[in-house]
Amino acid sequence: MSSHVEETVHHGPGVPVFAKVWVALLALTGIEVLLAYLQAPVLIMLTALLGLSIIKAVLIIAWFMHLKFERLSLFLTLFPMMIVVLLLFLMFLPDAYRIVGMRPPS
Amino acid sequence: MQTEITATTESLWDGGRSPFLTGSKKFGMWLFIISDALTFSALLFTYTYCRVANPDWPTPFHFSPSIIFSSVMTFALLTSSLTMVMAVHAMNHEDRKAAGRWILATMAAGATFVGLHLTEWMNLINKEHVTPFSNDWGVPLFGATFFTITGLHMTHVIIGIIYLGIICQAVVRGKFKAEDVEVAGLYWHFVDLVWMFVFPLVYLMSAKI
Chain A
3 MSSHVEETVH HGPGVPVFAK VWVALLALTG IEVLLAYLQA PVLIMLTALL GLSIIKAVLI
63 IAWFMHLKFE RLSLFLTLFP MMIVVLLLFL MFLPDAYRIV GMRPPS
Chain B
181 MQTEITATTE SLWDGGRSPF LTGSKKFGMW LFIISDALTF SALLFTYTYC RVANPDWPTP
241 FHFSPSIIFS SVMTFALLTS SLTMVMAVHA MNHEDRKAAG RWILATMAAG ATFVGLHLTE
301 WMNLINKEHV TPFSNDWGVP LFGATFFTIT GLHMTHVIIG IIYLGIICQA VVRGKFKAED
361 VEVAGLYWHF VDLVWMFVFP LVYLMSAKI
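Just so you know, the protein sequences line up as chains A and B, in that order.
Residues 3 to 108, numbered by this note's numbering, are exactly what the first sequence covers, in order.
Residues 181 to 389, numbered by this note's numbering, are exactly what the second sequence covers, in order.
Take a look at the structure:
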């Protein structure tokens, strides 16, 4: 199997795109801080903050880390495994509520 | 100039020299990032588990100054990501002087983050009497998990500043390629990415108005 490596100029997205992503990240952070100020119930806060953080993570990975412009094979090799592991973590979370229920009445 | 590698293989999954069409340094950094992401995920999951399991979990972060302080820290890190991406952009256009300046700006923003974070730590230790082993609320797990997560993250930021310092002096002297700056950028963006989860889960979830 023959292979060769060659260098070519590849510029990717321009400065305005990076600036827009940065503004979007700041805006999403502002919404998170506002949610903390409003003091929503814990579970609603947790869900909303995690959702916003995932959107921010996607923005950073796709544009700042350039993954959007890499080959799909790189994404498929790295990320599905990580997502499965993260979902496996969540299997333990209901146990936290069991511990709360086990506390003797004060 | 960013290196784009093309490999002549019959199919993408046949292997060969570069099945991902990316340099080995960049691919190595991606592998490190994924493994480090799982480390931080495990720590943040542990924090969330403890937080949910303890109804007496303390909320020591007053909106002013703690949340405002940590929001400024978030702004510093997000801005450092923008300056880092500008450094990579400048290197892709073979402008080494501009790349050096943008990397220095990134390091300055990172140093600001570390300075603010240490101030926040001192405030928590001296005023709220929180240590990794005890606190006034009788929930030692709070201090243990808080200092472990934020300490590990701060260590990553400090290592990142040193890493960028090495890259910066080499770039200005005409050494290293655009790919080296891009790989350093990947690490720096990852550090920023981790903070995007630490900030809401650790600070905002324990905010007190």
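Backbone N, C-alpha and C fix where the C-beta goes; we use that ideal spot for every residue, glycine too.
Given the structure is predicted, the values throughout are model-derived calculations rather than measurements.
Assuming contact is defined by CB atoms lying nearer than 9 Å, are residue i and residue j in contact in what I supplied?
i: LYS388 (chain B); j: PHE243 (chain B); result: yes
i: LEU321 (chain B); j: CYS230 (chain B); result: yes
i: VAL35 (chain A); j: LEU366 (chain B); result: no
i: ALA278 (chain B); j: VAL361 (chain B); result: no
i: PRO199 (chain B); j: ALA38 (chain A); result: no
i: HIS369 (chain B); j: MET271 (chain B); result: no
i: PHE377 (chain B); j: LEU211 (chain B); result: no
i: PRO312 (chain B); j: ARG105 (chain A); result: no
i: LEU45 (chain A); j: THR228 (chain B); result: no
i: GLY14 (chain A); j: HIS333 (chain B); result: no
List the residues of chain B whose Cβ lies closer than 8 Å to the Cβ of residue i, in chain order.
i: ALA42 (chain A); result: Result: empty, since nearest Cβ-Cβ is about 10 Å, beyond 8 Å.
i: LEU28 (chain A); result: PHE255 and LEU258
Mind reading off the beta-carbon distance from residue i to residue j? Whole number of angstroms is fine, and I expect it under 8 Å.
i: LEU54 (chain A); j: LEU30 (chain A); result: 5 Å
i: VAL371 (chain B); j: VAL337 (chain B); result: 6 Å
i: GLU300 (chain B); j: SER246 (chain B); result: 7 Å
i: GLY290 (chain B); j: ILE341 (chain B); result: 5 Å
i: VAL19 (chain A); j: PHE66 (chain A); result: Actually they do not touch by this definition, with Cβ atoms about 10 Å apart.
i: VAL374 (chain B); j: PHE220 (chain B); result: 5 Å
i: VAL310 (chain B); j: ALA98 (chain A); result: Not quite, the Cβ-Cβ distance comes to about 22 Å (not below 8 Å), so this is no contact.
i: LEU407 (chain B); j: ILE283 (chain B); result: For residue 407 (chain B) there is no data in the structure shown, the boundaries of chain B being 181 and 389.
Please classify residue i: does DSSP put it in a helix, a strand, or coil?
i: VAL11 (chain A); result: For VAL11 (chain A), the predicted model reports a pLDDT of 46, less than 50, meaning its position is unreliable; a value from the coordinates is still stated below. In the structure shown, VAL11 (chain A) sits in coil (DSSP, three-state: anything other than H, G, I, E or B).
i: VAL241 (chain B); result: Residue identity check: residue 241 (chain B) is Phe in the sequence provided, not Val. Of the three classes helix, strand and coil, the one that applies to PHE241 (chain B) here is strand, per DSSP.
i: ALA358 (chain B); result: helix
i: ALA387 (chain B); result: strand
i: HIS369 (chain B); result: helix
i: ARG105 (chain A); result: coil
i: PRO235 (chain B); result: coil
i: LYS22 (chain A); result: helix
i: ALA187 (chain B); result: Bear in mind that a pLDDT of 49 at ALA187 (chain B), under 50, signals an unreliable position, so the model cannot answer this.
i: GLU34 (chain A); result: helix
i: GLN41 (chain A); result: coil
i: HIS333 (chain B); result: helix
i: ASN272 (chain B); result: helix
i: SER198 (chain B); result: coil
i: PHE313 (chain B); result: coil
i: SER319 (chain B); result: Just to set this straight, residue 319 (chain B) is Val in the shown sequence, not Ser. VAL319 (chain B) falls in the coil class under three-state DSSP.
i: PHE94 (chain A); result: coil
i: GLU308 (chain B); result: coil
i: HIS297 (chain B); result: helix
List the residues of chain B whose Cβ lies closer than 7 Å to the Cβ of residue i, in chain order.
i: ALA38 (chain A); result: ILE247, LEU384 and ALA387
i: LYS58 (chain A); result: MET376
i: VAL102 (chain A); result: ALA233 and PRO235
i: ILE93 (chain A); result: Note that residue 93 (chain A) corresponds to Met in the displayed sequence, not to Ile. None at all; the shortest Cβ gap to chain B is about 11 Å.
i: THR49 (chain A); result: In chain order: nothing, as chain B lies at least about 11 Å away.
i: LEU88 (chain A); result: SER221
Can you pull the chain A residues whose beta carbon is under 8 Å from the beta carbon of residue i, in chain order?
i: TRP180 (chain B); result: There is simply no residue 180 (chain B) to check, as chain B begins at 181 and stops at 389 in what is shown.
i: PHE243 (chain B); result: ALA38 and TYR39
i: THR202 (chain B); result: GLU72, ARG73 and LEU76
i: MET287 (chain B); result: Going along chain A, no residue has its Cβ under 8 Å from MET287 (chain B), so there is no contact; the nearest lies around 17 Å.
Run down chain A in chain order and give the residues with a C-beta less than 7 Å from the C-beta of residue i.
i: ASP372 (chain B); result: ILE62
i: LEU366 (chain B); result: MET67
i: ALA217 (chain B); result: MET84
i: LEU262 (chain B); result: PHE20 and TRP24
Shorter than 8 Å, the distance from the beta carbon of residue i to the closest heavy atom of the ligand ZN, or not?
i: PHE200 (chain B); result: Here there are no bound small molecules, and the ligand ZN is not part of this structure.
List the residues of chain A whose Cβ lies closer than 9 Å to the Cβ of residue i, in chain order.
i: PRO320 (chain B); result: Simply none; closest approach about 16 Å.
i: ILE347 (chain B); result: The contacting residues do not exist; ILE347 (chain B) stays about 16 Å from chain A at best.
**OP:** Report yes or no: do three or more beta-carbon pairs, one from the stretch 289-301 of chain B and one from the stretch 252-265 of chain B, lie closer than 8 Å?
**Re:** yes
Original post:
On the three-pair Cβ rule with 8 Å, is the stretch 353-369 of chain B touching the stretch 234-242 of chain B?
Top reply: Taking a cut-off of 8 Å for Cβ pairs, the stretch 353-369 of chain B and the stretch 234-242 of chain B do not touch, as fewer than three such pairs fall below it.
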